[in-house]
Amino acid sequence: VHPDLQKERDKCTFDPMELTYFLDGGKEKTFEKHAREQFFLNDPELKDTVPNEYLSHKEKYEVAVRKACLITRKIREFSEQGHGGVDSYRALLGATLGSAILKDGNPLTLHYVMFIPTLMGQGTVEQQAEWIGRAWTCSIIGTYAQTELGHGTFIRGLETTATYEPETQEFVLHSPTQTSFKWWPGGLGHTANYCVVVAQLYTKGECHGIHPFIVQLRDEETHEPLPGITIGEIGTKLGMNATNNGFLGFNKVRIPREQMLMKNAQVLEDGTYVKSPSSKLTYGTMIFVRVVLVQDMSVYLSKAVTIAVRYSAVRRQSQPKPDEPEPQILDYVTQQYKLFPNIAKCFVFRMTSEWLWDMYNSVTSELESGDMERLPELHAMSCCLKVLSTSDAAAGVETCRLACGGHGYMACSNLPAMYGLATAACTYEGENTVLLLQAARYLMKAWVQAVATPNELMPTVKYLAKGA
Amino acid sequence: KDKSSSVSWKNTIEGLIIAAQMVAAGCVKQSYINIEKRKSAGHSTEDAWNLTSLELVKAADAHCRAFVIEKTLSQMQLKMKGLSAPLCKVLMQLVELYAVDWALTHVGDLLRYTNVKEANIQDLQTWMERLLTELRPNAVGIVDGFDICDEILASALGAYDGQVYKRLFEEAMKSPLNAEPVNKSFHQYLKPFLQSNL
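Protein chains in written order, with the numbering used here: chain R, 79 to 546; chain D, 16 to 213.
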């Protein structure tokens, strides 16, 4: 160990292991984490022979698919050895183990993070029985296509249509314009063979707004795109170049009526539309993903500050006092100000993501019993926290990069790749400014309520009563 | 002081939470007033919303910051039970740092929506500098506590052993250009260029 770093460790006033147990949720969880890391990181098949940065775009994808398949098999193997499956999926799809093995993203992430949760959240019991088993065993690989070339966060503006035909009991999916092509979903390019597609539902000549449909995209045997499907990858991006983000267009593609996800709204055989009890019931998946995002942002920032703080303890610069050695850059207050508030943010995001996860679970169980009172509040908070965590993490990673000077600019510092992953999250799952404006809409309503009926305010906005 | 509850915010994190909530409430109120003003001046609801959107974004951000400071403190206090005193102290320093840093980057809002004075701002600055000094000896210990192994960090700069320069050099050697002492582009382009006597 470098002597400067050792000196730092010698003067620490607390036991870092105690902090580790605190953050992991107990000693056992830490042991489990270490066992998981050894199991995956020691596999030579998952190690890179050539740094990812020196590979071509195509090679990056091919390596990522190979590793993603291997990781999935190994998770099963690890579970069979008696280790927790959910934690493994979480670690392998997220910012810890996942982004260590697949530095530029995982083309199967959306299969687990969006496709399966959507089937669970929006499929009927019959639909779940038909699709979830196949998805869980990876007999099919799915993704989730909502965003279109011409429309992102404003989902009411989506153009893809799903028109019901009672005589054949089929929906006809169609992309009427180039702007209606689905654009961005991870894994859509060349990985997934199924997809949840969000389209404007038409039945009996009337538009009923956007609804989700399960659509087969590729032949299960040959992986060739099915007739009427135009599909491919969108090309290189600032980061996440192995996530295989794709585009998708439909030319009058027919799917059976049973492939509209009908847990909430339904289309009967004769084309009668049965409305959902609430338009907000589809928020569930979206909020779940945002919880995961806040947790991931805390991890990215923790990694970035770990790199920058250790580097700052070793790196020395200038000679402010003659005849004395160059100080560690960590002794400069300007450097401390770059790093320490970002360390604090790691804890802040961790604490708030735990709160969001608890609230998500309690509101979801309230929803099951038809109580939707706290859903708008949860939606507003999940929007805000997604924005705060992604924007602070991206800015924090960038500050850490700057704190490492020219060496931070090197790809081998891992800070540029981490910035690519963090800043992407400012845009996907709801562009940050748009989300803040959605939260502001809730706040405006809360303000009116704060003036009129302050006692009825929801817990997170209760403080407004005083101001009102 | 928060006029309604007579709580002094000076140098207490609870006080900063009240200050953050006052800022958030002020931003929300101001946005609401401005939307209503614009509507009264003849703008449609949608146009009034768009014209006020800079303030609305700020209000949502302020609301979230206030929430995050409050929730982090309460979650931390809840979870810290049973931890050693030195660790608790560090964790509280970090929560304070987040709150004070927020306050110092929103001085304008504090002056606008709370009754802080210039002297209070100086207190905040001193408070933050004190926290930086207090955290300095534990900085490496805290990031060690994150327990992120070298393979996951995947960084020449951040490895546990701190052998930064050795690792940077090892990584440089992985460049495909270093596989041969002379790249073929020399013969194809550089040599003719060098000999062309421009």
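Beta carbons are placed, not taken as given, at the ideal position from N, Cα and C, and that holds for glycine.
In the three-state reduction of the DSSP assignment, H161(R) falls in the coil class.
One thing to note: L521(R) has its Cβ no nearer than 9 Å to the Cβ of S68(D). About 7 Å separates the Cβ atoms of E110(R) and H161(R), confirming a contact at the 8 Å cut-off. As DSSP reads the structure, A277(R) sits in a beta bridge with H289(R). Within chain R, the residues whose beta carbon sits less than 8 Å from that of Y47(D) are M522, W525, V526, listed in sequence order.
Residue contact check for T531(R) against chain D: no CB pair falls below 9 Å. For Y242(R), the enclosing beta strand (DSSP E) covers residues 239 to 243. Close partners of H121(D) in chain R (Cβ separation under 9 Å) are lacking, with about 13 Å as the shortest Cβ gap.
By the criterion of at least three beta-carbon pairs nearer than 8 Å, the region 52 to 59 of chain D is not in contact with the region 74 to 93 of chain D.
The three-state secondary structure of F325(R), taken from DSSP, is strand. Using a Cβ distance threshold of 9 Å, A517(R) and L417(R) do not count as a contacting pair. For a cut-off of 8 Å, the C-beta gap from N319(R) to G176(R) is around 15 Å, too long to register as a contact.
Shown here, H229(R) sits in a strand according to DSSP, grouped into three states.
With fewer than 16 other beta carbons inside 10 angstroms of its own, F201(D) counts as exposed. Here M459(R) carries a helix assignment [DSSP, helix/strand/coil]. A direct Cα-Cα distance of roughly 18 Å separates E131(R) from R479(R).
As the crow flies, the alpha-carbon of C490(R) is around 46 Å from that of T129(D). As the crow flies, the alpha-carbon of S170(D) is around 15 Å from that of K125(R). In the displayed model, H268(R) falls within coil according to three-state DSSP, outside both helix and strand.
Chain D places a beta carbon closer than 9 Å to that of P129(R), counting this residue as a contact. For A386(R), the three-state secondary structure derived from DSSP is helix. Listed by position along chain D, the residues whose Cβ is nearer than 9 Å to that of R87(R) are V155, G156, D159. Around Y351(R), the same chain offers L279, T281, K282, E284, H286, A343, Q344, V345 as residues with beta carbons nearer than 8 Å, after the five sequence neighbours per side are excluded. Rounded to the nearest whole angstrom, the CA to CA distance from T430(R) to L101(R) is 13 Å. Counting along the chain, F208(D) sits inside the alpha helix (DSSP H) bounded by residues 206 to 209.
Within chain R, Y541, K544, G545 have C-beta atoms less than 9 Å from the C-beta of M37(D), given in sequence order.
Under the Cβ criterion of 9 Å, V83(D) is counted among the residues facing chain R.
Residue burial annotation: S390(R) is buried, with at least 16 other C-beta atoms found within 10 angstroms of its C-beta.
Proximity of the region 363 to 379 of chain R to the region 98 to 107 of chain D falls short of the contact definition, fewer than three beta-carbon pairs being nearer than 8 Å. In the three-state scheme derived from DSSP, where H, G and I count as helix and E and B as strand, T468(R) is classed as helix. About 7 Å separates the beta carbons of D124(D) and A77(D), which is inside the 8 Å limit, making them a contact pair. Pairwise C-beta distances place the region 261 to 268 of chain R in contact with the region 304 to 324 of chain R, as three or more of them are shorter than 8 Å. C-alpha of Q140(D) to C-alpha of L146(D): approximately 10 Å in a straight line. Contact with chain R is found for R151(D), since one of that chain's Cβ atoms lies less than 9 Å from the residue's Cβ. Membership of R145(D) in the alpha helix (DSSP H) is indicated by the continuous run 133 to 150. For P94(R), the enclosing alpha helix (DSSP H) begins and ends at 94 to 102.
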